[in-house]
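Protein chains in written order, with the working numbering: chain G, 36 to 447; chain F, 36 to 447. We treat Cβ as the ideally placed atom computed from N, Cα and C, and that holds for glycine. All figures in this text were calculated on a predicted structure; none of them were measured in a lab. Structure first, commentary second.
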């Protein structure tokens, strides 16, 4: 079952909005065995929509269109589709009622412009939108399915999960495809390729495919099979070998994030954690708290961005700050040890680095970062020299810190 | 000058990686007057690459391809292009030298696999990659330009900025297009549309286009003209009217973020800021520090995620916590006032909310959030009821807090 995605919106072409919808759709559909053949991003112009639909319907069985269903005048998708399917717009009373309730429940006035949201092509199946006002639409033509969804990500996702995917699951004949991804932190792709040369060769000799997916601070390795579930065990074995070879880097498989894995380990070990952050300034704590119920193990943190607050809130020794500088093993150790006592937690993670673009010295280039983790009876410290980019340095510090505590928690 | 973008990679189709490259390319190229006609995302298969190239070259003057140039075996773009242009791979000595230095300078070993990165099609122009090992390539064929770049975002961006855009700027005859975007916080698109009905009609009567770009907590309004710079003043006037009509929501124009604007206002007013965070748990502080040189005004913060740390670090009254709960005006006020003293800052912003998916009560549904900002002589508090989603509730709290301090700093 071939699926193509059409993302409509000038804002996607001129880069004002990143196309996260297409990624999410790709992930959900391929999980269910659909073959995502192409993603087309086009402008919100009638002729572009029609041309792309014509062309895409030749190659795909299902076409999913997002965008252009909002209540404002720049939203043209519904009108273009009505014309394309030689249909007409009629009031859909259930939708009108739903849209009215949507505003009433939120104590918001019901506006004239919102009535338009209940005008729907006569011959389509209405896909209820519980998160917003524009319903989705399901058209069928010459054995093909065309689905139109709003572009607002959480509305699109809710309609997909509640209305579209259950219908597609009944229709789809899954292609024989299976893939699984291993996640590694703190090692670059060429080093993995070098170290795992024979392993990689063996993967290919088994007619499996290996893909490297590098991102800031992480490399994901996807092994996929065109024989579907037959290869599940073989792939498991390869991941087992990878884990044996790179235990300090291999942190998990699939979509689970490092923060989720660390969270689970903290719960399992019945431990609490806190942070004493300088260069990451709250990003590490926020990464912990991005996981629901993080309050079980995450208690709080101190962001001591200035040297004064390092002394005042974390009792860092003034002499150490003056002698070694804020980005030093001595200071980051004090931050972690004192932070642990102040926050009354089992582990305190401290970060101090030069994120850039300024603040560097001859001996401490931009990217120089110290991380310390204090536990009851010891402190582990590690120095990194990352790169020139502020955002990436912060991100790499957060991921490296999470991997350091992961290694402590698994006892290696 | 029509530009098409081809993004290569199964990881993009199956949603393992979000296509941020295409957005960035779209933004940089359209800024320079190029007309981004389409973005195609395809899998890393020879026939897909060739078919899409054939088809795209009929419609576009410039085609930019990203992905598939890495050092590992799953990277096929270079070989496919060499074949497509009936070229052959030869050693490019300058690149070999550069790749060797790249590893030497980082104290990393030079691997065999990296030599391949210096094998380049004979007839292309080599585009130096100062951030990584795979160089970009510039091909010309039948008056069209085809550019191949690595998929790693910062490598792609550096090659574009240093090697590609300067060349394209010389060639391009900009289309007559001008656009500017206004940014609003804390108001939904249908309310803007209702309130600004006459304004919107007047925009269209002036043959300008208006687009609504909603995202979590923000709506961006883009006005664009097909007469180019002729309409600059007219668009400025429309934005002036918008600002007059919605002063509490309108925070700026263009790409400047709310954190950047608040940062500039803090510098201008010579004020410092700190945070006392519960539900946002460091995200608000991290948003301040995402801006270079934030240390000028941002001093630090306290993340009191647990009630114990709210008492211990921020001296929140135990009775208030028990009587009103952590998510209450009383508690968030104490957090802000005490946080301001403890952090010795001019303004302290406190957040406390129920981000979800658990923690709600009958009187406090998920999404209930209090924000307080304490200054020398007063405290401003505001209650919000956001939505059901944890990540979006955190994000909306951060943006609402930044907009609240913005309004204080501009004196309204």
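Between the C-alpha atoms of residue 416(F) and residue 234(G) there is a straight-line separation of about 59 Å.
Taking one beta carbon from each stretch, the stretch 282-293 of chain G and the stretch 212-220 of chain G have 3 or more pairs nearer than 8 Å; the two touch. Distance check between residue 122(G) and each of 108(G), 159(G), 146(G) and 52(G) places 159(G) closest, using alpha-carbon atoms only. At a cut-off of 7 Å between beta carbons, residue 48(G) contacts chain F.
For residue 61(F), the C-beta contacts it makes with chain G under 7 Å involve 48, 49 and 50, in order along the chain. Closer than 7 Å to the CB of residue 54(F) there is at least one CB belonging to chain G. Residue state for residue 431(F) is assigned as helix, using DSSP reduced to three classes. As computed with DSSP, residue 98(F) is found in a beta bridge with 39(F) and 181(F). Exclusion of the five residues before and after residue 334(G) leaves 307, 308, 309, 378, 379 and 380 as the residues of its chain whose Cβ lies within less than 8 Å of its Cβ. Chain-order list of chain G residues neighbouring residue 71(F): 48 and 49, by C-beta distance under 7 Å. Counting of Cβ neighbours within 10 angstroms places residue 143(G) among the exposed residues, the total staying below 16.
Going by beta carbons, residue 440(F) and residue 408(F) fall inside the 7 Å limit. Proximity of residue 273(F) to chain G, defined by a Cβ-Cβ separation below 7 Å, is not satisfied. By the beta-carbon neighbour count (other beta carbons within 10 angstroms, threshold 16), residue 266(G) is buried. In the assembly as shown, residue 305(G) is an exposed residue. Its beta-carbon has fewer than 16 other beta-carbons within 10 Å. Going by DSSP, residue 172(G) is part of the beta strand (DSSP E) stretching over 171-176. Taking 7 Å as the cut-off, the Cβ atoms of residue 87(G) and residue 42(G) do not count as close. For residue 89(G), the closest alpha carbon among the candidates 384(G), 329(G), 179(G) and 326(G) is that of 179(G). Here residue 71(F) is near residue 38(F), since their CB atoms are less than 7 Å apart. Residues of chain G whose Cβ lies closer than 8 Å to the Cβ of residue 85(F) do not exist, since the nearest Cβ in that chain is about 14 Å away.
Taking a Cβ-Cβ threshold of 8 Å, the residues of chain G close to residue 216(F) are 51, in chain order. Put simply, the stretch 234-253 of chain F does not touch the stretch 313-322 of chain F. Fewer than three CB pairs are less than 8 Å apart.
Residue state for residue 403(G) is assigned as strand, using DSSP reduced to three classes. Here residue 314(F) is not near residue 374(F), since their CB atoms are 7 Å or more apart. Exclusion of the five residues before and after residue 80(G) leaves no residue of its chain whose Cβ lies closer than 7 Å to its Cβ.
Only residues of its own chain outside the window of five on either side were considered, and among them 257 have a CB closer than 6 Å to the CB of residue 246(F), listed in chain order.
For residue 222(F), the nearest beta carbon of chain G is not closer than 7 Å to its own beta carbon. Chain G places no beta carbon closer than 7 Å to that of residue 266(F), leaving this residue out of the contacts.
Rounded to whole angstroms, residue 183(G) and residue 394(F) show a C-alpha spacing of 35 Å. By the criterion of at least three beta-carbon pairs nearer than 8 Å, the stretch 51-71 of chain F is in contact with the stretch 46-53 of chain G.
Rounded to whole angstroms, residue 161(G) and residue 202(G) show a C-alpha spacing of 13 Å. Here residue 308(G) is bridged, per DSSP, to 333(G) and 382(G). Contacts with chain G (Cβ-Cβ distance below 9 Å) from the stretch 237-250 of chain F involve 239, 244, 245, 246, 247, 248, 249 and 250, listed in chain order. Between residue 97(G) and residue 103(G) the beta-carbon gap is near 19 Å, outside 8 Å, which marks them as no contact. For residue 316(F), the C-beta contacts it makes with chain G under 7 Å involve 320, 321 and 324, in order along the chain. By the CB criterion at 7 Å, residue 172(F) and residue 101(F) fall outside the cutoff.
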